[in-house]
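Asks: In this note's numbering, the protein residues as written are 1 to 353.
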């Protein structure tokens with residue numbers, strides 16, 4: 001494929017196309033990662049919802065199918081202190097739904113957990129040596145990050161503000177993902193939890209590009225070739241795409257999520273903390289409408305989802321997280337490989353015409 005106007009990410013990560021398949025904890029499969037990689041993008045495995053044993057199996061599967069570089073993504077949150085009173089208040093708020101659906105309110109609340117990057121995960125990286133390691137919610141402590149970088153892995157992380165981008169560069173990132181507020185899934189914010197600081201990609205991206213010297217990857221609201229062209233015009237060296245890949249047959253989404261992606265309007269997504277305790281963009285459903293998408297009663301990340309699990313089992317569409325970015329109406333049913341190649345070919349044709 002012809003030369004892109006900025007090849008820094010291609011050169012840095014050793015990939016063919018300046019496209020990163022987003023490491024979505026909801027939706028990503030090894031088949032998606034393999035096909036994105038074969039198409040020339042950077043395939044990405046999300047570690048957040050997997051045990052290290054499961055992650056090992058997934059990485060080995062991808063390695064056997066494709067020799068190309070692979071990205072493994074980890075969360076870097078601080079586990080919250082136990083707060084039984086807050087947990088009880090949250091479950092009490094949900095009690096009317098338990099009664100309506102016939103769920104057992106007295107049963108122990110299921111555990112909803114996500115492990116942050118730790119020494120065990122670092123040993124995993126040292127052993128299996130993925131070419132790229134990316135982080136969400138900042139970066140791990142310096143000693144762990146130094147061990148990751150010592151393996152030769154390139155390090156990426158998400159910034160939702162210019163201040164976060166500068167911090168990430170100062171603390172060792174090789175490239176920065178500028179995450180606009182349009183993006184689906186969890187916000188990568190880590191220096192502040194003020195949602196008023198979250199801005200759209202086209203305002204964020206050029207300011208981040210001007211503020212840092214490392215290459216910048218654009219994420220949020222990019223679903224077709226026009227978005228890729230615009231991102232490059234604003235200084236991006238690559239794009240990260242998530243929601244568009246949820247429309248592929250390789251994606252693993254629930255029937256409710258599958259239906260919502262194909263029928264919701266762009267205006268029907270919102271940032272919500274109900275499902276995990278941390279702001280994330282998803283398609284609005286019943287519980288978001290009735291409790292408000294952001295509710296201060298929701299326990300701290302990642303524990304809020306436990307009390308919703310019995311309700312989700314009874315009514316998946318109304319009580320599950322339907323992650324999606326604002327560009328969902330650009331999504332179309334095609335394979336991961338075809339989507340990746342077509343996006344790149346169409347974008348490059350526009351750039352070079």
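Heads up, the beta-carbon is just placed ideally off N, CA and C, and yes, glycines get one too.
Where do the ends of the alpha helix (DSSP H) carrying residue 227 lie?
Replies: Here residue 227 is taken as the residue at index 227 of the chain shown, counted from 1. Per DSSP, residue 227 belongs to the alpha helix (DSSP H) from 225-233.
Asks: Alpha carbons only, please: which of 306, 6, 121 and 40 is nearest the one belonging to residue 337?
Replies: Working through the chain shown from its first residue, we reach residue 337 at position 337. Here the closest residue by C-alpha is 40.
Asks: In this structure, how does DSSP classify residue 335 when only helix, strand and coil are distinguished?
Replies: As a working mapping, residue 335 is identified with position 335 in the chain shown. In the structure shown, residue 335 sits in coil (DSSP, three-state: anything other than H, G, I, E or B).
Asks: Please confirm whether residue 327 and residue 266 have their CB atoms less than 9 Å apart.
Replies: As a first step, residue 327 must be located in the chain shown, where it is residue number 327. As a first step, residue 266 must be located in the chain shown, where it is residue number 266. Result yes, Cβ atoms of residue 327 and residue 266 sit closer than 9 Å.
Asks: For residue 231, I'd like the list of residues in its chain whose CB is within less than 7 Å of its CB, leaving aside the five on either flank, ordered along the chain.
Replies: In the chain shown, the residue the question calls residue 231 occupies position 231. Cβ neighbours of residue 231 beyond the five flanking positions: 205, 218, 222 and 239.
Asks: Taking DSSP's pairing of strands, which residues face residue 216 in a bridge?
Replies: Position 216 of the chain shown, counting from 1, holds the residue named residue 216. Per DSSP, 176.
Asks: Pick from 117, 81, 84 and 228: whose alpha carbon is nearest that of residue 352?
Replies: For the purposes of this step, residue 352 is identified with residue 352 of the chain shown, where counting begins at 1. Per the Cα distances, 228.
Asks: With DSSP as the reference, identify every bridge partner of residue 185, one or two as the case may be.
Replies: Along the chain shown, one-based indexing puts residue 185 at 185. Paired residue(s): 281.
Asks: Return the residue from the list 108, 104, 192 and 75 that minimises the CA-CA distance to residue 87.
Replies: Taking the chain shown and counting its residues from 1, one reaches residue 87 at position 87. Closest by alpha carbon: 108.
Asks: In this structure, what does DSSP give as the bridge partners for residue 263?
Replies: Taking the chain shown and counting its residues from 1, one reaches residue 263 at position 263. DSSP output for residue 263 lists no bridge partner at all.
Asks: Using the three-state DSSP reduction, which class does residue 304 fall into: helix, strand or coil?
Replies: Your numbering for residue 304 matches position 304 in the chain shown. Three-state DSSP puts residue 304 in a helix.
Asks: What would DSSP say about residue 46, mapped onto helix, strand or coil?
Replies: If you number the chain shown from 1, residue 46 lands on position 46. Strand at residue 46.
Asks: If we call anything under 9 Å between Cβ atoms a contact, is residue 323 one with residue 282?
Replies: Taking the first residue of the chain shown as 1, we reach residue 323 at position 323. Taking the first residue of the chain shown as 1, we reach residue 282 at position 282. Yes. Within cutoff.
Asks: Could you check where the alpha helix (DSSP H) with residue 137 kicks off and where it finishes?
Replies: For the purposes of this step, residue 137 is taken as residue 137 along the chain shown, with counting starting at 1. Here residue 137 belongs to no alpha helix (DSSP H), and DSSP marks it neither H nor E.
Asks: Only counting runs of 3 or more residues, tell me where the beta strand (DSSP E) segments fall wholly within the segment 73-110, in order along the chain.
Replies: Qualifying beta strand (DSSP E) stretches: none in this window.
Asks: Label residue 289 either buried or exposed according to how many other C-beta atoms from any shown protein chain fall within 10 Å of its C-beta, with 16 as the threshold for buried.
Replies: Translated into the one-based positions of the chain shown, residue 289 becomes position 289. Residue 289 is exposed by the Cβ-count criterion.
Asks: Taking the C-alpha atoms as reference points, what is the distance between residue 50 and residue 138?
Replies: Taking the chain shown and counting its residues from 1, the one referred to as residue 50 is at position 50. Taking the chain shown and counting its residues from 1, the one referred to as residue 138 is at position 138. Looking at the two C-alpha atoms, the distance is approximately 20 Å.
Asks: Determine the extent of the beta strand (DSSP E) in which residue 21 is found, giving its start and end residues.
Replies: Indexing the chain shown from 1 puts residue 21 at position 21. Unbroken beta strand (DSSP E) run through residue 21: 19-21.
Asks: First and last residue of the beta strand (DSSP E) that includes residue 157?
Replies: Within the chain shown, numbered from 1, the residue matching residue 157 stands at position 157. Per DSSP, residue 157 belongs to the beta strand (DSSP E) from 154-159.
Asks: For residue 33, which option in 335, 180 and 11 has the closest C-alpha, if you only look at C-alpha atoms?
Replies: Looking up residue 33 in the chain shown gives position 33. Checking every option, the nearest Cα to that of residue 33 belongs to 335.
Asks: What's the call for residue 104, buried or exposed, on a 16-neighbour Cβ count within 10 Å?
Replies: To locate residue 104, count along the chain shown from 1; it is residue 104. Exposed, by the Cβ-count rule.
Asks: Secondary structure at residue 271, three-state DSSP: helix, strand or coil?
Replies: In the chain shown, counting from the first residue as 1, residue 271 sits at position 271. It is a strand residue.
Asks: In angstroms, rounded to a whole number, what distance separates the CA positions of residue 211 and residue 43?
Replies: Residue mapping note: residue 211 aligns to position 211 of the chain shown, counting from 1. Residue mapping note: residue 43 aligns to position 43 of the chain shown, counting from 1. The straight-line gap from Cα to Cα measures roughly 27 Å.
Asks: Report the rounded CA-to-CA distance for residue 307 versus residue 131, giving the unit in angstroms.
Replies: Residue mapping note: residue 307 aligns to position 307 of the chain shown, counting from 1. Residue mapping note: residue 131 aligns to position 131 of the chain shown, counting from 1. Distance between the alpha carbons of residue 307 and residue 131: 38 Å.
Asks: Taking its Cβ as the centre, do 16 or more other Cβ atoms sit within 10 Å of residue 305, making it buried, or is it exposed?
Replies: One-based indexing of the chain shown puts residue 305 at position 305. Its Cβ being crowded by 16 or more others within 10 Å, residue 305 is buried.
Asks: Taking the alpha-carbon positions, what's the residue 14 to residue 119 distance?
Replies: Working through the chain shown from its first residue, we reach residue 14 at position 14. Working through the chain shown from its first residue, we reach residue 119 at position 119. Taking the straight line from one Cα to the other gives about 27 Å.
Asks: Contact check, residue 117 vs residue 144 under 8 Å by CB: the rounded distance?
Replies: By one-based count along the chain shown, residue 117 stands at place 117. By one-based count along the chain shown, residue 144 stands at place 144. About 7 Å; that satisfies the 8 Å criterion.
Asks: I need the DSSP call for residue 402, collapsed to helix, strand or coil.
Replies: As shown, the chain starts at 1 and ends at 353. That puts residue 402 outside it, with no answer to give.
Asks: Is it right to say residue 89 is buried, meaning 16 or more other beta carbons lie within 10 angstroms of its own, or is it exposed?
Replies: The residue you call residue 89 lines up with position 89 of the chain shown. By the 10 Å Cβ count, residue 89 comes out exposed.
Asks: Whole angstroms is fine: what's the gap from residue 174's alpha carbon to residue 100's?
Replies: Working through the chain shown from its first residue, we reach residue 174 at position 174. Working through the chain shown from its first residue, we reach residue 100 at position 100. Those two C-alpha atoms are separated by around 51 Å.
Asks: On the criterion of 16 or more Cβ atoms from any shown chain inside 10 Å, does residue 251 qualify as buried, or is it exposed?
Replies: Counting from 1 along the chain shown, the entry for residue 251 is found at position 251. So residue 251 ends up on the buried side.
Asks: Name the residue from 135, 77 and 246 whose alpha carbon lies nearest to the alpha carbon of residue 168.
Replies: If you number the chain shown from 1, residue 168 lands on position 168. Minimum Cα distance to residue 168 is reached at 135.
Asks: Which residue marks the beginning of the beta strand (DSSP E) containing residue 294, and which one marks its end?
Replies: If you number the chain shown from 1, residue 294 lands on position 294. First-last for residue 294: undefined, no H or E at that position.
Asks: Does residue 3 pass the burial test, meaning 16 or more other C-beta atoms within 10 Å, or should it be called exposed?
Replies: Locating residue 3 in the chain shown gives position 3, where the first residue counts as 1. With fewer than 16 other Cβ atoms within 10 Å, it is exposed.
Asks: Quick check on residue 240: does DSSP put it in helix, strand or coil?
Replies: Mapped onto the chain shown, residue 240 falls at position 240. Residue 240: strand per DSSP, three-state reduction.
Asks: Determine the burial state of residue 391: buried for a count of at least 16 other Cβ atoms within 10 Å of its Cβ, exposed for fewer.
Replies: Within the shown structure, residues of the chain are numbered from 1 to 353, placing residue 391 beyond reach of any answer.
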